[in-house]
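Working notes, structure below.
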Amino acid sequence: MKKSIITLSLAAILGFGSATVGLPLEKASAENKLNDLNSQKDKINQQRSGVESKITDTDKKINENQGEQQSVQSEIERLDKAISDALAKIEEKNGQIAETKKEIEKLEAEIKVLVERIKKRNELLKDRARNYQETGGMVSYIDVLMGAQSFGDFVERVGAVATIVEADQDILKAHQADKDELEKKQAQVKEELASLEKMRAELESMKKSLNAQKAEKDKLLKSLKHEEEEMHAHKLELAEENEILAAQEAAIQKAIKLEQERQAEAARQAELAKQKAAQEAAKKSSSSSAGSSSAGSSSSSSPQVTSPSVSSGAWTKPAAGRLSSGFGGRSLGEHYGVDIAAGGTVPIVAAADGVVIRSYYSSSYGNAIFIAHSIGGQTYTTVYAHMRSRSVGSGQTVSKGQQIGIMGNTGQSYGQHLHFELHRGSWNAAKSNAINPVGIVPL
Numbered sequence: 004m005k006k007s008i009i010t011l012s013l014a015a016i017l018g019f020g021s022a023t024v025g026l027p028l029e030k031a032s033a034e035n036k037l038n039d040l041n042s043q044k045d046k047i048n049q050q051r052s053g054v055e056s057k058i059t060d061t062d063k064k065i066n067e068n069q070g071e072q073q074s075v076q077s078e079i080e081r082l083d084k085a086i087s088d089a090l091a092k093i094e095e096k097n098g099q100i101a102e103t104k105k106e107i108e109k110l111e112a113e114i115k116v117l118v119e120r121i122k123k124r125n126e127l128l129k130d131r132a133r134n135y136q137e138t139g140g141m142v143s144y145i146d147v148l149m150g151a152q153s154f155g156d157f158v159e160r161v162g163a164v165a166t167i168v169e170a171d172q173d174i175l176k177a178h179q180a181d182k183d184e185l186e187k188k189q190a191q192v193k194e195e196l197a198s199l200e201k202m203r204a205e206l207e208s209m210k211k212s213l214n215a216q217k218a219e220k221d222k223l224l225k226s227l228k229h230e231e232e233e234m235h236a237h238k239l240e241l242a243e244e245n246e247i248l249a250a251q252e253a254a255i256q257k258a259i260k261l262e263q264e265r266q267a268e269a270a271r272q273a274e275l276a277k278q279k280a281a282q283e284a285a286k287k288s289s290s291s292s293a294g295s296s297s298a299g300s301s302s303s304s305s306p307q308v309t310s311p312s313v314s315s316g317a318w319t320k321p322a323a324g325r326l327s328s329g330f331g332g333r334s335l336g337e338h339y340g341v342d343i344a345a346g347g348t349v350p351i352v353a354a355a356d357g358v359v360i361r362s363y364y365s366s367s368y369g370n371a372i373f374i375a376h377s378i379g380g381q382t383y384t385t386v387y388a389h390m391r392s393r394s395v396g397s398g399q400t401v402s403k404g405q406q407i408g409i410m411g412n413t414g415q416s417y418g419q420h421l422h423f424e425l426h427r428g429s430w431n432a433a434k435s436n437a438i439n440p441v442g443i444v445p446l
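With the first letter of the sequence shown counted as 1, position 98 gets the number 101 in our numbering; the numbers rise by one all the way through.
Structure representation (structure tokens):
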């Protein structure tokens, strides 16, 4: 008898309730509760499959991203080597240009000598030309020859004239050779310098292009790394969502089991009551005194179910304090719950009877507790976030008004408060089942 009372009390704690045993209305209500719980379980199982598929896809994308990063890194290394090679060649060309400029300086000194030599020859040739014009040119040589005093003197004069004429021809040839050499050297040095400067310009252009390519690759690598970080963060969010869904599935499975046990116990009690009623009727027909004794025994064995003592109705306020932020849009973005703020050490209580889905620390929620409820044939999920501490664990059954923690300021929070969410059905990352608790939960 004690076991049956405990079982029925536990069912009441989960919010599944009990009416008069054996009534058709209770049977229909019990079936509806089980159907709703099984439906929620199936939905959560589908959600988990979807989340696990997303985790697999994210892992695949992370692997692809890392492969692309390795490819980009290899390309950056290749570009680094190409840039180093270009810089080495530029340094080499700078050295060659410096040497060529030294040669040009040396050549310019030689050119100055040639220019001076040509200038002097030009003056000498001008003097000769002027002399030819004044004396009649070759006539002066004839006068020289005709003025000979003897044959020997004539021969000497002929040799001297030939030497002078030959010297003039040599001057003209040397003059032309110097001019040709000067022009050749000038053209050669200019061509070599232009070639070197062209090669250096090409190398500089190539270096600029390589640097631009490397900058693009560095930018791409940075983008890929940032993308990988985001994917890892997304994977962690998916993993957290999957853990919550798994915990919800386990809590609902536990609720289903408890409801089945409650129904089995109710059926057993109904059968016992039926048997006792039959026995009582049989005893009454044989002896009125036996019937009176039987009635007293029946009265003492009737199970007692205690009602919640915190407040009337299915829900109670989860914490004392003022409603500092409501449900819906606000400056910080969409708010899928309400905030209750108060100072000091403020206890947080379960808003209704249920099963703790998960009790853990979240980077966003801080210290958080998720509780599954079944009220009037409808499943609900409540969330209590930013708590200073938690006093219940995952899988634990709680009653309405039972303390589950202390109000705090953990996670992404700005000042001590309780962030309270109410979801019709199961919790999901999109918060698509979130509803405004105002008007449902006494706040």
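The C-beta atom is built at its ideal place from N, Cα and C for all residues, glycine as well.
Because the structure is a prediction, the values reported are computed rather than measured.
Asked, Found
"Out of S397, Y417, M410, state which residue places its alpha-carbon closest to the alpha-carbon of I255.", "S397"
"For a quick check, are the C-beta atoms of L206 and A89 less than 7 Å apart?", "yes"
"Where are the alpha helix (DSSP H) runs, 4 residues long or more, that stay fully inside the segment 371–432, in chain order?", "none"
"Between L248 and the rest of its own chain, which residues show a CB-CB distance below 6 Å, the 5 nearest in sequence each way excluded?", "I47, Q50, R51"
"What residues are listed by DSSP as bridge partners for I351?", "G408"
"So what's V75 in DSSP terms, helix, strand or just coil?", "helix"
"Output the distance between the C-alpha atoms of D221 and I79, rounded to the nearest integer angstrom.", "7 Å"
"Whole angstroms are fine: how far does the CA of K96 sit from the CA of V192?", "15 Å"
"First and last residue of the beta strand (DSSP E) that includes V358?", "357–365"
"Note down, in chain order, each residue of its chain lying with its Cβ closer than 6 Å to the Cβ of A85, except the 5 sequence neighbours on either side.", "L213"
"Taking only three categories from DSSP, how would you classify L335?", "coil"
"Report back the beta-carbon spacing between G324 and I343 to the nearest angstrom; my notes put them in contact at under 8 Å.", "4 Å"
"Buried or exposed: N38, going by 16 or more other Cβ atoms within 10 Å of its Cβ?", "exposed"
"Could you check what DSSP says for S328 in three-state terms: helix, strand or coil?", "strand"
"To the nearest angstrom, how far is the alpha carbon of G336 from that of R265?", "43 Å"
"Starting from A3, trace the beta strand (DSSP E) in both directions and tell me its first and last residue.", "In the structure displayed, the chain extends from 4 to 446; residue 3 sits before or after that span and is not available."
"Which class does I443 belong to by DSSP, given the choice of helix, strand or coil?", "coil"
"Which value, in whole angstroms, describes the spacing of the CA atoms of K176 and A91?", "47 Å"
"So for A322, helix, strand or coil by DSSP?", "coil"
"Would you check if there are 3 or more beta carbon pairs closer than 8 Å linking the segment 259–276 to the segment 58–69?", "no"
"What residues in its chain sit with their C-beta under 8 Å from that of P445, if we drop five residues either side in the sequence?", "S314, G316, W318, T319, K320"
"Taking only three categories from DSSP, how would you classify V308?", "Bear in mind that a pLDDT of 28 at V308, under 50, signals an unreliable position, so the number given afterwards is only what the model happens to contain. Coil, per DSSP."
"So, at 8 Å on beta carbons, what are the nonlocal neighbours of I495 in its own chain, with the 5 sequence-adjacent residues on each side left out?", "Residue 495 is absent from the model: the chain starts at 4 and stops at 446."
"Assuming G428 and N436 make a contact with CB atoms under 8 Å, what is their CB distance in whole Å?", "4 Å"
"I think Y383 touches I372, with their Cβ atoms under 8 Å apart; what is that distance to the nearest whole Å?", "That pair is no contact at about 14 Å."
"What does the Cβ neighbour count give for D45, buried or exposed, with the cut at 16 atoms within 10 Å?", "exposed"
"Report yes if the C-beta distance between L241 and K403 is below 7 Å; otherwise report no.", "no"
"Does the beta-carbon of Y364 have 16 or more other beta-carbons within 10 angstroms, so that it is buried, or is it exposed?", "exposed"
"Using a Cβ-Cβ cut-off of 7 Å (strictly less than) and excluding sequence neighbours within five positions of E67, which residues of its own chain qualify?", "none"
"Using only alpha-carbon positions, find the residue among Q415, V358, L185, K260 that is nearest to V116.", "L185"
"Under 7 Å between the Cβ atoms of G346 and A375?", "no"
"Is the beta carbon of G414 sitting closer than 7 Å to the one on S392?", "no"
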